[in-house]
Structures are given as C-alpha cells and as structure tokens.
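One gets the working numbering by counting positions in the sequence shown from 1 and adding 79 to each. In what follows, a structure is listed as structure tokens, so that the remarks can point back to it.
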Amino acid sequence: MKGTMMVVTIELGTRLGLNVHRDQWPTAALLHSYESAGFAWVQVHTPPRPMLADRERGRNHARALRAALAPHGLRLLLHGPDDLSAGTIEHDRAFDGLMDYAAEAGAELVVIHAMNFPVADGNAAGARLRERLDAEERSLRRCAQRAEALGLTLALENLAPTYPIKPALPQVCHDLLAVRDLVRRLGSPAAGLLLDVGHAHLVASLRGESAERAVRAALDDVVLFHVHDNLGARRHDLGAPGVDPLRLDLHLPPGAGCLPWDRLGPLLAAHTAPLMLDVERSHNAAPQTLAVGTAGLLRRRAAVAAAA
80 MKGTMMVVTI ELGTRLGLNV HRDQWPTAAL LHSYESAGFA WVQVHTPPRP MLADRERGRN
140 HARALRAALA PHGLRLLLHG PDDLSAGTIE HDRAFDGLMD YAAEAGAELV VIHAMNFPVA
200 DGNAAGARLR ERLDAEERSL RRCAQRAEAL GLTLALENLA PTYPIKPALP QVCHDLLAVR
260 DLVRRLGSPA AGLLLDVGHA HLVASLRGES AERAVRAALD DVVLFHVHDN LGARRHDLGA
320 PGVDPLRLDL HLPPGAGCLP WDRLGPLLAA HTAPLMLDVE RSHNAAPQTL AVGTAGLLRR
380 RAAVAAAA
C-alpha cells in the first residue's frame, strides 16, 4: 500500500479522512457528517492496551465498531494505544489483540507508535536503549508478517514533543528519518511510514531547520499522512487567539498555524497515500469546513508549484 510521488495531483476526495476523538464513539450522526462532508476515511482510536490484551472483549468491541460503520462508506483507519510499544511479553500480548481487533473491525491501516523511548545519555543507558529497540524491531517484524496475512498495513508514526521541555527532542521517535529507517529495515509490504506533517514541522522548527528536506527523504516509504497545523517552536512567545499559550503540538486545522504549506502542500497533493486530518476537537472545526479548507489549501499550493 506504499505510495510514491506522482507528477499529477491525485483526486483528493478519495484520500481525505477525519479523526474521531479518542474519547468519542463514532455515532451514526457523526459518521454521516463525515461522509456528507466528503471524507472517504475515518480514524478511530482503539480501546486501551489492557482491553486489547483481553482478546474476547477486544473482539466484541471491534464487532460493535464494524456494525457502526456498516451503513456508511467510510474506510477504517485504526489508531492503536499511544503507550503500546512492541517487544515485551505484556505489550506483545496487547499487540496481538490489536491485530485481532483490526481484522474484526475491517480496518485497512493501523497506526502504531514505534521507537517511543527516551533518548539515552551515557554508555550504559545507550546499551539499554539499543537492547529495547532491538527487541521492538524483532517483535514488529513478527507483527508485520501477521498483518500481511490479515491484509492489514501497519503505519509507524513520527512523533513530536507536546510541550517545550528539555532536551528539546526527548524521544527517539521524534526523528522522522529514524522511524523511516526502521520501516526500511522491517522490509515488509505490510509496514510503512505514517508521516505526521505537523510533527515533522514542529521537530524541524525546534532544530532550526526546514521540514521539507526530511519530508522529501521519507516520501517513498509513506502509507499515510497525518495532517494538522501548529505554531512551531513558538520562539518569542508566539501565540494565537483561543490557543493554549504553552503547548507545542496544537493539532490546529491546516492553514491555522505556520506550517510551510507552500513547500509541503504540493508534496502531499502529489502523493497517493490517505490524508488523515488529526485536528483537536476543542478547535470546534466543522467537518465540512475542514474538508473544503484542506482540499482547497492543497490544490492551491499544488497549482502554484506547477505554475512556477
């Protein structure tokens, strides 16, 4: 399911999706509003890790989700628990439950957080980190084999700091190219990169870099995009009306922050992977507004780039 860059812009309507808040059930009214707005995909968060480890409860929940989606034409993307990290007995049990859940619910893509471990400082800590990363990679290789048999694609996400803490990039998974390299080492058609453009921009801003270089270097491995905006590193106390004055990972509607859409927009528009809008519910953006605004933003940027 891995996408590649194309010269022409793929029709965006078949690629756009919208997230259901992690504490919200996808009701018929909510799904109808997504479908009516023109979205083709929906992202739903799974139950927490202990519930996935209880395989029967997990399957029952997945059946209920599949029944809720059945009257609608939305394709399903599942987001696994944020704290799920393959490579230990406890977490692998939940990971197996996640695979059961995804197959039962009829999902096509499953978002997971890999390399979600603190950056090591010192030889001993570095050795422990390498051991944990190796254990995770071995487990993910097994999970990818099972995902392939089930017709699923695992999407490994690059993350970003939520608040301005030190060190600026405390987790390994904040490095987009490190996550991309893990995808390449897995070497499975059932494992690809979830390129979160909001996170990529935020990390690049904290590093004093442009996100475009890393994004371009990762595009061939992308199976999914998360699309949202933020205010970058927020140097000089950069703020905006109605926005948390401290938080970095704001999940604003596209165009409401300072992402360089003139450079990143054409790259997204010319790809084939789904574009999942991961906008925080507190911003009160209507599905119709998000669909029209995002499609228009990407089409305009693609048109300007093509004319340049």
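Quick reminder that beta carbons are idealized off the backbone N, C-alpha and C, glycines included.
With VAL301 and LEU274 assumed to form a contact (beta carbons below 8 Å), what rounded beta-carbon distance in angstroms separates them?
Counting from one through the sequence shown, the residue named residue 301 turns up at place 222. Counting from one through the sequence shown, the residue named residue 274 turns up at place 195. The C-beta separation of VAL301 from LEU274 comes to about 5 Å, placing the pair in contact by the 8 Å criterion.
If I measure Cβ to Cβ from HIS158 and keep anything under 6 Å in the same chain, skipping five residues before and after, which residues do I get?
Sequence index remark: in the sequence shown, residue 158 carries index 79 (1-based). Excluding residues within five positions, the ones whose Cβ falls inside 6 Å are GLN122, HIS124, VAL190.
Enumerated in chain order, which unbroken segments of the beta strand (DSSP E) with a length of 3 residues or greater are wholly contained in the segment 187 to 219?
Whole beta strand (DSSP E) segments, 3+ residues: 188 to 191.
Are the beta-carbon atoms belonging to GLY277 and HIS253 less than 8 Å from one another?
Along the sequence shown, one-based indexing puts residue 277 at 198. Along the sequence shown, one-based indexing puts residue 253 at 174. Cβ atoms of GLY277 and HIS253: not closer than 8 Å.
Straight-line CA distance for ASP171 to LEU219?
Taking the first residue of the sequence shown as position 1, residue 171 is located at position 92. Taking the first residue of the sequence shown as position 1, residue 219 is located at position 140. Separation of ASP171 and LEU219 (C-alpha to C-alpha, rounded to the nearest whole angstrom) is 9 Å.
Reducing DSSP to helix, strand and coil, say where VAL123 ends up.
The residue given as residue 123 occupies position 44 in the sequence shown. In the structure shown, VAL123 sits in a strand (DSSP, three-state: E or B).
Closest by C-alpha distance to ALA228, when choosing among MET178, GLU210, ALA384:
Position 149 of the sequence shown, counting from 1, holds the residue named residue 228. Among MET178, GLU210, ALA384, the Cα nearest to that of ALA228 belongs to MET178.
How would you label PRO129, buried or exposed, when you count the other beta carbons within 10 angstroms and need 16 or more for buried?
Here residue 129 is taken as the residue at index 50 of the sequence shown, counted from 1. By the 10 Å Cβ count, PRO129 comes out exposed.
When you compare each of GLY311, ARG94, ALA184, TYR242 to ARG136 by their alpha carbons, which one comes out closest?
Within the sequence shown, the letter at position 57 stands for residue 136. Looking at the Cα atoms, ALA184 is the closest of the given residues.
Segment contact, 8 Å Cβ cut-off, at least three pairs: the segment 367 to 384 with the segment 330 to 348
In this structure the segment 367 to 384 touches the segment 330 to 348; the number of beta carbon pairs closer than 8 Å is three or more.
Given a threshold of 16 other Cβ atoms within 10 Å of its Cβ, counted over all protein chains shown, does LEU288 qualify as buried or as exposed?
If you number the sequence shown from 1, residue 288 lands on position 209. Reading off the sequence, residue 288 comes out as Glu, not Leu. So GLU288 ends up on the exposed side.
Excluding five sequence neighbours on each side, which residues of the same chain lie with their C-beta closer than 7 Å to the C-beta of ARG211?
Your numbering for residue 211 matches position 132 in the sequence shown. Cβ within range, chain order: GLY166, PHE196.
Cα-Cα separation, LEU255 to GLY336:
In the sequence shown, the residue the question calls residue 255 occupies position 176. In the sequence shown, the residue the question calls residue 336 occupies position 257. Roughly 20 Å between the two C-alpha positions.
If you follow the alpha helix (DSSP H) that GLU300 is part of, which residue opens it and which one closes it?
Along the sequence shown, read from residue 1 onward, the residue named residue 300 stands at position 221. In the sequence as presented, Glu is not what sits at residue 300; that position holds Asp. First-last for ASP300: undefined, no H or E at that position.
Mapping the DSSP letters down to three states, classify LEU274 as helix, strand or coil.
For this step, residue 274 is matched to residue 195 along the sequence shown. Here LEU274 sits in strand by DSSP.
Assign ASP161 to one of three DSSP states: helix, strand, or coil.
Residue numbering aside, residue 161 sits at position 82 when the sequence shown is read from its first letter. Coil at ASP161, not helix or strand.
Just the Cα atoms here: how many angstroms apart are THR241 and LEU248?
Mapped onto the sequence shown, residue 241 falls at position 162. Mapped onto the sequence shown, residue 248 falls at position 169. The C-alpha of LEU248 is placed about 10 Å away from the C-alpha of THR241.
Paired residues, beta bridge with HIS236 - DSSP:
Position 157 of the sequence shown, counted from the start, is the residue given in the question as residue 236. A quick correction: the sequence has Glu, not His, at residue 236. Partner(s): LEU273.
What runs of the alpha helix (DSSP H), each 4 residues or longer, lie entirely inside the segment 314 to 379?
Entirely contained in the segment 314 to 379, the alpha helix (DSSP H) runs reaching 4 residues are, in chain order, 340 to 348.
Expected contact under 8 Å - CB spacing of ASP308 and PRO345 to nearest Å
As a first step, residue 308 must be located in the sequence shown, where it is residue number 229. As a first step, residue 345 must be located in the sequence shown, where it is residue number 266. ASP308 to PRO345, Cβ: 17 Å. No contact.
Sub-8 Å separation of GLU114 and LEU155 beta-carbons:
In the sequence shown, residue 114 corresponds to position 35, counting from 1. In the sequence shown, residue 155 corresponds to position 76, counting from 1. It is not a contact, given that the beta carbons lie outside the stated cut-off.
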